[in-house]
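A.B. asks: Dropping a structure here in structure tokens format, bear with me for questions.
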Amino acid sequence: MPLPDLMTTAEEMARKILEAGPLAVRAIKQAAIKGLSMPLDDGLRLESNLFRLLAMTEDSVEGTRAFAEKRPPEWKAR
Numbered sequence: 000m001p002l003p004d005l006m007t008t009a010e011e012m013a014r015k016i017l018e019a020g021p022l023a024v025r026a027i028k029q030a031a032i033k034g035l036s037m038p039l040d041d042g043l044r045l046e047s048n049l050f051r052l053l054a055m056t057e058d059s060v061e062g063t064r065a066f067a068e069k070r071p072p073e074w075k076a077r
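For reference, each letter of the sequence shown is one residue, going 0 to 77 in numbering that gives the first Met the number 0.
Here it is, written out as structure tokens:
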């Protein structure tokens with residue numbers, strides 16, 4: 000990536016992360032950090048477990064509903 004584009008690209012990525020559900024962001028960080036120090040099979044199992052837990056949250060329901068209604072989600076971190 001050309002150096003002049005670096006900050007703009009980083010800011011765009013940060014904006015997208017801030018728009019995502021806080022529980023999902025937390026789970027992604029956990030999977031990435033822990034996954035670095037474990038075998039691939041264990042990392043995939045961790046990711047699967049986190050996904051299953053996230054699917055049972057209010058934010059998961061809200062995200063799906065907001066997408067269907069074509070509106071921004073209102074995250075509750077629950």
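For every residue, glycine included, the Cβ atom is placed at its ideal position computed from N, Cα and C.
1. Would you mind stating whether L53 and S59 have Cβ atoms separated by less than 8 Å?
2. What runs of the alpha helix (DSSP H), each 4 residues or longer, lie entirely inside the region 40-69?
3. Cβ atoms of T56 and R70: under 8 Å apart, would you say?
4. Quick one: Cα of K15 to Cα of T8, how far?
5. With a CB to CB cut of under 8 Å and the five nearest residues on each side skipped, what residues in its chain are close to A30?
C.D. replies: In this structure, then:
1. Cβ atoms of L53 and S59: closer than 8 Å.
2. 57-67
3. Going by C-beta atoms, R70 is not nearer than 8 Å to T56.
4. 11 Å
5. G42, L45, E46, L49
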